[in-house]
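In our numbering, the protein residues as written are 101 to 461.
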(Lines of atoms letter the chains of each structure in order from A and count residues from 1; the text may use other names and numbers.)
(Lines give C-alpha, C1' and ligand atoms only; values in the text may rest on other atoms or scores of the structure.)
Protein backbone atom coordinates (compact mmCIF):
# COMPACT_ATOMS: atom_id res chain seq x y z
CA UNK A 1 0.00 0.00 0.00
CA UNK A 2 1.28 3.46 -0.90
CA UNK A 3 2.40 5.60 2.01
CA UNK A 4 1.13 9.20 1.88
CA UNK A 5 1.88 12.12 4.14
CA UNK A 6 -0.51 15.05 4.44
CA UNK A 7 0.72 18.36 5.89
CA UNK A 8 -1.86 20.73 7.35
CA UNK A 9 -2.50 23.39 9.97
CA UNK A 10 -6.30 23.15 9.67
CA UNK A 11 -8.19 21.59 12.59
CA UNK A 12 -10.16 19.38 10.24
CA UNK A 13 -11.77 17.38 13.04
CA UNK A 14 -13.72 20.51 13.98
CA UNK A 15 -16.33 20.54 11.23
CA UNK A 16 -17.31 24.21 11.60
CA UNK A 17 -16.23 25.60 8.21
CA UNK A 18 -16.18 24.55 4.58
CA UNK A 19 -12.42 24.07 4.37
CA UNK A 20 -12.39 21.82 7.44
CA UNK A 21 -15.23 19.73 6.07
CA UNK A 22 -13.41 19.49 2.75
CA UNK A 23 -10.13 18.31 4.31
CA UNK A 24 -11.91 15.84 6.59
CA UNK A 25 -13.72 14.43 3.57
CA UNK A 26 -10.48 14.12 1.60
CA UNK A 27 -8.79 12.35 4.52
CA UNK A 28 -11.74 9.98 4.88
CA UNK A 29 -11.55 9.08 1.18
CA UNK A 30 -7.81 8.64 0.67
CA UNK A 31 -7.26 6.85 4.00
CA UNK A 32 -9.23 3.94 2.51
CA UNK A 33 -6.84 3.56 -0.43
CA UNK A 34 -3.43 4.48 1.04
CA UNK A 35 -1.56 4.34 4.33
CA UNK A 36 -2.12 7.94 5.41
CA UNK A 37 -0.17 9.95 7.97
CA UNK A 38 -1.16 13.53 8.83
CA UNK A 39 1.49 15.92 10.13
CA UNK A 40 -0.11 18.85 11.91
CA UNK A 41 1.73 21.99 12.99
CA UNK A 42 -0.33 22.34 16.18
CA UNK A 43 -1.32 22.97 18.88
CA UNK A 44 -3.78 20.10 19.35
CA UNK A 45 -6.19 18.74 21.96
CA UNK A 46 -5.01 15.99 24.29
CA UNK A 47 -5.22 12.49 22.75
CA UNK A 48 -6.54 13.80 19.41
CA UNK A 49 -4.36 11.20 17.68
CA UNK A 50 -6.41 8.41 19.28
CA UNK A 51 -9.69 9.99 18.19
CA UNK A 52 -8.43 10.42 14.62
CA UNK A 53 -7.09 6.89 14.49
CA UNK A 54 -10.47 5.53 15.55
CA UNK A 55 -12.45 7.89 13.30
CA UNK A 56 -10.38 7.92 10.11
CA UNK A 57 -7.87 5.09 10.54
CA UNK A 58 -4.93 7.46 10.09
CA UNK A 59 -1.66 8.08 11.87
CA UNK A 60 -1.56 11.61 13.26
CA UNK A 61 1.48 13.53 14.47
CA UNK A 62 1.48 17.04 15.92
CA UNK A 63 4.81 18.77 15.34
CA UNK A 64 4.16 20.78 18.52
CA UNK A 65 1.00 19.85 20.46
CA UNK A 66 1.19 22.53 23.16
CA UNK A 67 1.90 25.88 21.51
CA UNK A 68 2.28 27.83 18.28
CA UNK A 69 5.81 28.00 16.88
CA UNK A 70 7.43 30.26 14.30
CA UNK A 71 8.10 28.87 10.80
CA UNK A 72 11.75 28.07 11.46
CA UNK A 73 10.83 26.11 14.59
CA UNK A 74 8.20 24.16 12.68
CA UNK A 75 10.78 23.39 9.99
CA UNK A 76 13.12 22.00 12.63
CA UNK A 77 10.33 19.87 14.08
CA UNK A 78 9.31 18.65 10.64
CA UNK A 79 12.89 17.71 9.75
CA UNK A 80 13.08 15.64 12.92
CA UNK A 81 9.75 14.01 12.13
CA UNK A 82 10.95 12.95 8.66
CA UNK A 83 14.06 11.16 9.92
CA UNK A 84 13.92 7.47 9.05
CA UNK A 85 10.48 7.73 7.39
CA UNK A 86 9.50 6.94 3.81
CA UNK A 87 6.52 8.34 1.94
CA UNK A 88 5.57 7.79 -1.70
CA UNK A 89 3.63 11.04 -1.91
CA UNK A 90 3.13 14.22 0.09
CA UNK A 91 -0.09 16.26 0.01
CA UNK A 92 0.23 19.84 1.26
CA UNK A 93 -2.97 21.54 2.40
CA UNK A 94 -2.88 25.16 1.25
CA UNK A 95 -0.14 27.16 -0.39
CA UNK A 96 1.09 28.78 2.83
CA UNK A 97 2.41 25.45 4.16
CA UNK A 98 4.80 25.08 1.22
CA UNK A 99 7.66 26.38 3.39
CA UNK A 100 7.84 22.98 5.10
CA UNK A 101 8.91 21.35 1.84
CA UNK A 102 12.31 22.98 2.27
CA UNK A 103 12.92 20.27 4.87
CA UNK A 104 12.70 17.39 2.42
CA UNK A 105 16.02 15.57 1.94
CA UNK A 106 17.73 16.05 -1.41
CA UNK A 107 17.39 12.38 -2.27
CA UNK A 108 13.62 12.34 -1.72
CA UNK A 109 11.98 11.02 -4.92
CA UNK A 110 8.26 10.96 -4.17
CA UNK A 111 5.57 13.13 -5.73
CA UNK A 112 4.34 16.33 -4.08
CA UNK A 113 0.71 17.46 -4.38
CA UNK A 114 -0.68 20.85 -3.42
CA UNK A 115 -4.34 20.89 -2.38
CA UNK A 116 -4.71 24.57 -3.22
CA UNK A 117 -8.47 24.83 -2.54
CA UNK A 118 -8.59 28.15 -4.39
CA UNK A 119 -6.37 30.77 -6.00
CA UNK A 120 -5.04 33.07 -3.27
CA UNK A 121 -4.20 36.01 -5.55
CA UNK A 122 -7.75 35.90 -6.96
CA UNK A 123 -9.13 35.92 -3.42
CA UNK A 124 -7.04 38.99 -2.57
CA UNK A 125 -8.28 40.83 -5.67
CA UNK A 126 -11.86 39.97 -4.80
CA UNK A 127 -11.48 41.29 -1.24
CA UNK A 128 -9.94 44.54 -2.50
CA UNK A 129 -12.79 45.04 -4.98
CA UNK A 130 -15.17 45.22 -2.02
CA UNK A 131 -12.89 47.45 0.02
CA UNK A 132 -11.45 44.83 2.33
CA UNK A 133 -7.92 43.68 3.02
CA UNK A 134 -7.34 39.94 2.94
CA UNK A 135 -5.86 39.36 6.39
CA UNK A 136 -5.05 35.73 5.75
CA UNK A 137 -2.03 34.45 3.84
CA UNK A 138 -1.34 36.67 0.81
CA UNK A 139 0.80 36.25 -2.31
CA UNK A 140 0.99 37.97 -5.67
CA UNK A 141 -0.11 36.13 -8.80
CA UNK A 142 3.40 35.65 -10.21
CA UNK A 143 4.79 34.15 -7.00
CA UNK A 144 1.73 31.96 -6.60
CA UNK A 145 2.19 30.50 -10.09
CA UNK A 146 5.87 29.86 -9.38
CA UNK A 147 4.92 27.92 -6.27
CA UNK A 148 2.25 25.99 -8.18
CA UNK A 149 4.81 25.08 -10.84
CA UNK A 150 7.15 23.61 -8.21
CA UNK A 151 4.60 20.91 -7.36
CA UNK A 152 4.05 17.71 -9.29
CA UNK A 153 0.28 18.19 -9.11
CA UNK A 154 -1.99 21.05 -8.01
CA UNK A 155 -5.48 20.13 -6.81
CA UNK A 156 -8.30 22.63 -7.51
CA UNK A 157 -12.00 22.53 -6.68
CA UNK A 158 -13.70 24.34 -9.56
CA UNK A 159 -13.56 23.99 -13.32
CA UNK A 160 -12.82 27.71 -13.66
CA UNK A 161 -9.73 27.50 -11.43
CA UNK A 162 -8.68 24.19 -13.00
CA UNK A 163 -8.78 25.65 -16.52
CA UNK A 164 -7.05 28.89 -15.51
CA UNK A 165 -4.12 27.28 -13.71
CA UNK A 166 -3.89 24.43 -16.22
CA UNK A 167 -3.48 26.93 -19.04
CA UNK A 168 -0.61 28.59 -17.16
CA UNK A 169 1.38 25.66 -15.76
CA UNK A 170 0.17 22.81 -17.98
CA UNK A 171 -2.97 20.65 -17.92
CA UNK A 172 -0.89 17.65 -16.90
CA UNK A 173 0.00 19.37 -13.63
CA UNK A 174 -3.53 20.09 -12.35
CA UNK A 175 -6.22 17.84 -10.90
CA UNK A 176 -9.90 18.80 -10.63
CA UNK A 177 -11.24 17.46 -7.33
CA UNK A 178 -14.51 19.15 -6.29
CA UNK A 179 -16.16 18.77 -2.90
CA UNK A 180 -18.28 15.62 -2.54
CA UNK A 181 -21.05 16.26 -0.02
CA UNK A 182 -23.50 13.94 1.66
CA UNK A 183 -26.71 13.53 -0.34
CA UNK A 184 -30.20 13.04 1.00
CA UNK A 185 -33.62 13.65 -0.56
CA UNK A 186 -35.46 16.61 0.96
CA UNK A 187 -39.09 16.71 2.05
CA UNK A 188 -40.41 19.86 0.40
CA UNK A 189 -43.27 21.24 2.49
CA UNK A 190 -46.24 22.98 0.82
CA UNK A 191 -45.67 26.17 2.80
CA UNK A 192 -42.41 27.98 3.51
CA UNK A 193 -41.57 28.71 7.13
CA UNK A 194 -37.78 28.82 7.46
CA UNK A 195 -35.08 30.62 5.46
CA UNK A 196 -31.69 29.22 6.49
CA UNK A 197 -28.13 30.49 6.26
CA UNK A 198 -25.25 28.22 7.34
CA UNK A 199 -21.72 29.62 7.42
CA UNK A 200 -18.41 30.06 9.19
CA UNK A 201 -17.08 33.39 10.44
CA UNK A 202 -15.14 33.93 7.19
CA UNK A 203 -15.46 37.65 6.31
CA UNK A 204 -17.42 37.21 3.02
CA UNK A 205 -20.04 35.19 4.94
CA UNK A 206 -20.33 37.84 7.66
CA UNK A 207 -20.68 40.57 5.03
CA UNK A 208 -23.28 38.57 3.07
CA UNK A 209 -25.67 37.77 5.91
CA UNK A 210 -25.50 41.21 7.50
CA UNK A 211 -26.31 42.81 4.14
CA UNK A 212 -29.18 40.35 3.65
CA UNK A 213 -30.61 41.21 7.07
CA UNK A 214 -30.34 44.94 6.37
CA UNK A 215 -31.36 45.01 2.71
CA UNK A 216 -33.74 42.08 2.23
CA UNK A 217 -35.23 40.85 5.48
CA UNK A 218 -37.52 43.84 6.27
CA UNK A 219 -39.11 43.64 2.81
CA UNK A 220 -39.64 39.89 3.04
CA UNK A 221 -41.08 40.12 6.54
CA UNK A 222 -43.48 42.86 5.45
CA UNK A 223 -44.98 40.43 2.93
CA UNK A 224 -44.55 37.11 4.77
CA UNK A 225 -44.95 37.94 8.45
CA UNK A 226 -44.67 34.32 9.63
CA UNK A 227 -41.31 33.74 7.93
CA UNK A 228 -38.24 32.89 10.06
CA UNK A 229 -34.57 33.49 9.34
CA UNK A 230 -32.45 30.79 10.99
CA UNK A 231 -28.69 31.38 11.07
CA UNK A 232 -26.25 28.60 11.93
CA UNK A 233 -22.49 28.42 12.33
CA UNK A 234 -19.65 30.46 13.74
CA UNK A 235 -20.86 33.38 11.60
CA UNK A 236 -23.41 33.91 14.39
CA UNK A 237 -20.75 35.63 16.50
CA UNK A 238 -20.74 38.55 14.05
CA UNK A 239 -24.42 39.12 13.31
CA UNK A 240 -26.09 42.51 13.54
CA UNK A 241 -29.82 41.79 13.49
CA UNK A 242 -30.71 45.51 13.69
CA UNK A 243 -33.40 44.60 16.23
CA UNK A 244 -35.51 43.00 13.50
CA UNK A 245 -38.04 40.30 14.31
CA UNK A 246 -38.07 36.59 13.50
CA UNK A 247 -34.30 36.19 13.27
CA UNK A 248 -33.10 33.16 15.21
CA UNK A 249 -29.32 33.09 15.72
CA UNK A 250 -28.70 29.41 16.39
CA UNK A 251 -24.90 29.23 16.64
CA UNK A 252 -22.83 26.23 15.63
CA UNK A 253 -24.69 22.95 15.09
CA UNK A 254 -22.60 19.88 14.18
CA UNK A 255 -25.56 17.98 12.72
CA UNK A 256 -26.15 19.17 9.16
CA UNK A 257 -29.07 16.79 8.50
CA UNK A 258 -30.98 18.39 11.38
CA UNK A 259 -30.32 21.86 9.95
CA UNK A 260 -31.46 21.01 6.46
CA UNK A 261 -34.58 19.22 7.69
CA UNK A 262 -35.74 22.54 9.16
CA UNK A 263 -34.89 24.51 6.00
CA UNK A 264 -37.45 25.38 3.36
CA UNK A 265 -35.05 27.69 1.46
CA UNK A 266 -31.29 28.11 1.89
CA UNK A 267 -29.61 31.40 1.00
CA UNK A 268 -25.99 32.23 0.25
CA UNK A 269 -25.77 35.80 -1.09
CA UNK A 270 -21.96 35.86 -0.90
CA UNK A 271 -20.38 38.42 -3.22
CA UNK A 272 -16.61 38.01 -2.83
CA UNK A 273 -13.92 35.50 -1.88
CA UNK A 274 -12.63 32.69 -4.07
CA UNK A 275 -13.10 29.06 -5.03
CA UNK A 276 -15.98 26.67 -4.48
CA UNK A 277 -18.70 27.40 -1.93
CA UNK A 278 -18.91 24.21 0.10
CA UNK A 279 -22.19 25.19 1.77
CA UNK A 280 -23.89 25.55 -1.64
CA UNK A 281 -22.85 22.05 -2.70
CA UNK A 282 -24.04 20.74 0.67
CA UNK A 283 -27.43 22.45 0.37
CA UNK A 284 -27.91 21.03 -3.13
CA UNK A 285 -26.86 17.59 -1.91
CA UNK A 286 -29.60 17.74 0.70
CA UNK A 287 -32.07 18.84 -1.98
CA UNK A 288 -32.96 22.17 -0.35
CA UNK A 289 -34.03 24.99 -2.70
CA UNK A 290 -31.11 27.42 -2.85
CA UNK A 291 -30.80 31.11 -3.69
CA UNK A 292 -27.22 32.22 -4.30
CA UNK A 293 -25.16 34.76 -6.20
CA UNK A 294 -23.10 34.43 -9.37
CA UNK A 295 -20.02 34.39 -7.17
CA UNK A 296 -21.55 31.70 -4.98
CA UNK A 297 -22.33 29.58 -8.03
CA UNK A 298 -18.66 29.05 -8.92
CA UNK A 299 -18.24 25.46 -10.04
CA UNK A 300 -21.98 24.79 -10.45
CA UNK A 301 -22.88 27.54 -12.93
CA UNK A 302 -24.54 25.13 -15.36
CA UNK A 303 -27.29 24.39 -12.84
CA UNK A 304 -28.57 27.96 -12.46
CA UNK A 305 -32.40 27.95 -12.79
CA UNK A 306 -32.31 24.14 -12.89
CA UNK A 307 -31.09 23.24 -9.40
CA UNK A 308 -30.92 26.65 -7.73
CA UNK A 309 -31.90 30.30 -8.28
CA UNK A 310 -29.34 32.96 -9.11
CA UNK A 311 -29.74 36.47 -7.66
CA UNK A 312 -27.08 39.18 -7.48
CA UNK A 313 -28.88 42.20 -6.00
CA UNK A 314 -31.10 42.70 -2.96
CA UNK A 315 -34.10 43.24 -5.25
CA UNK A 316 -33.45 40.01 -7.13
CA UNK A 317 -32.85 38.07 -3.91
CA UNK A 318 -36.22 39.25 -2.56
CA UNK A 319 -37.88 38.37 -5.87
CA UNK A 320 -36.24 34.92 -5.97
CA UNK A 321 -37.27 34.06 -2.42
CA UNK A 322 -40.80 35.34 -3.06
CA UNK A 323 -41.06 33.20 -6.19
CA UNK A 324 -39.99 30.13 -4.26
CA UNK A 325 -42.36 30.84 -1.38
CA UNK A 326 -45.30 31.17 -3.74
CA UNK A 327 -44.49 28.30 -6.08
CA UNK A 328 -44.56 24.89 -4.41
CA UNK A 329 -44.05 23.03 -7.70
CA UNK A 330 -40.96 25.09 -8.53
CA UNK A 331 -39.46 24.30 -5.13
CA UNK A 332 -40.13 20.59 -5.66
CA UNK A 333 -38.49 20.71 -9.09
CA UNK A 334 -35.41 22.51 -7.78
CA UNK A 335 -35.13 20.07 -4.89
CA UNK A 336 -35.32 17.02 -7.13
CA UNK A 337 -32.87 18.42 -9.67
CA UNK A 338 -30.39 19.56 -7.02
CA UNK A 339 -30.33 16.20 -5.27
CA UNK A 340 -29.91 14.25 -8.52
CA UNK A 341 -27.26 16.63 -9.83
CA UNK A 342 -25.04 16.29 -6.77
CA UNK A 343 -25.68 12.56 -6.42
CA UNK A 344 -24.71 11.97 -10.06
CA UNK A 345 -21.89 14.47 -10.50
CA UNK A 346 -20.37 14.99 -7.05
CA UNK A 347 -19.97 11.52 -5.64
CA UNK A 348 -16.66 10.95 -3.84
CA UNK A 349 -15.51 8.56 -6.56
CA UNK A 350 -16.27 11.12 -9.27
CA UNK A 351 -14.66 13.98 -7.40
CA UNK A 352 -11.47 12.16 -6.38
CA UNK A 353 -10.98 9.76 -9.30
CA UNK A 354 -8.03 11.68 -10.77
CA UNK A 355 -6.36 12.04 -7.37
CA UNK A 356 -6.84 8.36 -6.59
CA UNK A 357 -5.22 7.43 -9.89
CA UNK A 358 -2.27 9.75 -9.22
CA UNK A 359 -1.73 8.48 -5.65
CA UNK A 360 -1.82 4.82 -6.65
CA UNK A 361 0.51 5.27 -9.62
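Using N, Cα and C, we set each Cβ at its ideal position, and we do this for glycine too.
Using CA atoms only, rank isn't needed, just tell me which of the options is closest to residue i.
i: residue 427; options: 214, 289, 257 and 413; result: 289
i: residue 456; options: 127, 379, 164 and 205; result: 127
i: residue 349; options: 332, 115 and 245; result: 332
i: residue 271; options: 277, 164 and 263; result: 263
i: residue 287; options: 387, 131 and 339; result: 387
i: residue 158; options: 306, 212, 106 and 320; result: 106
i: residue 152; options: 112, 134 and 176; result: 112
i: residue 432; options: 411, 422, 402 and 364; result: 364
i: residue 102; options: 316, 218, 133 and 123; result: 133
i: residue 482; options: 284, 411 and 173; result: Limits of the chain in this structure are 101 at one end and 461 at the other, which puts residue 482 out of reach.
i: residue 354; options: 373, 334 and 366; result: 334
i: residue 420; options: 366, 120 and 198; result: 366
i: residue 175; options: 205, 310 and 137; result: 205
i: residue 412; options: 140, 369, 242 and 138; result: 369
i: residue 258; options: 399, 453 and 407; result: 399
i: residue 319; options: 213, 140, 130 and 416; result: 416
i: residue 460; options: 135, 444, 161 and 185; result: 135
i: residue 232; options: 392, 201, 260 and 371; result: 371
i: residue 391; options: 373, 352, 438 and 362; result: 438
For residue i, which residues from the same chain have a beta carbon less than 6 Å from its beta carbon, with the 5 sequence-adjacent residues on both sides left out?
i: residue 117; result: 300
i: residue 347; result: 329 and 341
Near residue i, what residues of its chain come up, given a Cβ to Cβ distance below 7 Å and the 5 sequence neighbours on each side ignored?
i: residue 249; result: 269
i: residue 239; result: 195, 220 and 221
i: residue 188; result: 102, 103, 104 and 210
i: residue 119; result: 110 and 217
i: residue 403; result: 441
i: residue 234; result: 223, 224 and 227
i: residue 418; result: 316, 319 and 320
Report the three-state DSSP secondary structure of residue i (helix, strand or coil).
i: residue 137; result: strand
i: residue 410; result: strand
i: residue 189; result: strand
i: residue 162; result: strand
i: residue 147; result: coil
i: residue 201; result: helix
i: residue 390; result: strand
i: residue 289; result: coil
i: residue 117; result: coil
i: residue 177; result: helix
i: residue 207; result: coil
Spatial neighbours of residue i within its chain, please: C-beta separation below 8 Å, excluding the five flanking residues on both sides.
i: residue 166; result: 142 and 143
i: residue 237; result: 194, 195, 196 and 220
i: residue 313; result: 329, 339, 340, 341, 342, 344 and 347
i: residue 68; result: Because the chain spans 101 through 461 in this model, residue 68 falls outside it and cannot be assessed.
Tell me, please, which residues DSSP counts as bridged to residue i.
i: residue 106; result: 138 and 191
i: residue 212; result: 190
i: residue 380; result: In the DSSP output, where bridge partners are listed per residue, residue 380 has none listed.
i: residue 170; result: Per DSSP, none; premise fails for residue 170.
i: residue 368; result: 392
Determine whether the Cβ of residue i lies closer than 9 Å to any Cβ atom of chain D.
i: residue 275; result: Among the chains of the structure shown, chain D does not appear; only one protein chain is present.
>> Ignoring anything shorter than 4 residues, give me the alpha helix (DSSP H) runs that lie fully in the stretch 295-366, in order along the chain.
In response: Correct list: 303-315, 317-323 and 356-362.
>> Ignoring anything shorter than 4 residues, give me the alpha helix (DSSP H) runs that lie fully in the stretch 215-283, in order along the chain.
In response: You should have 220-229, 241-250 and 259-269.
>> Just to confirm the assignment: which complete alpha helix (DSSP H) runs, minimum length 4, are found wholly within the stretch 395-454?
In response: The qualifying runs are 414-426 and 428-445.
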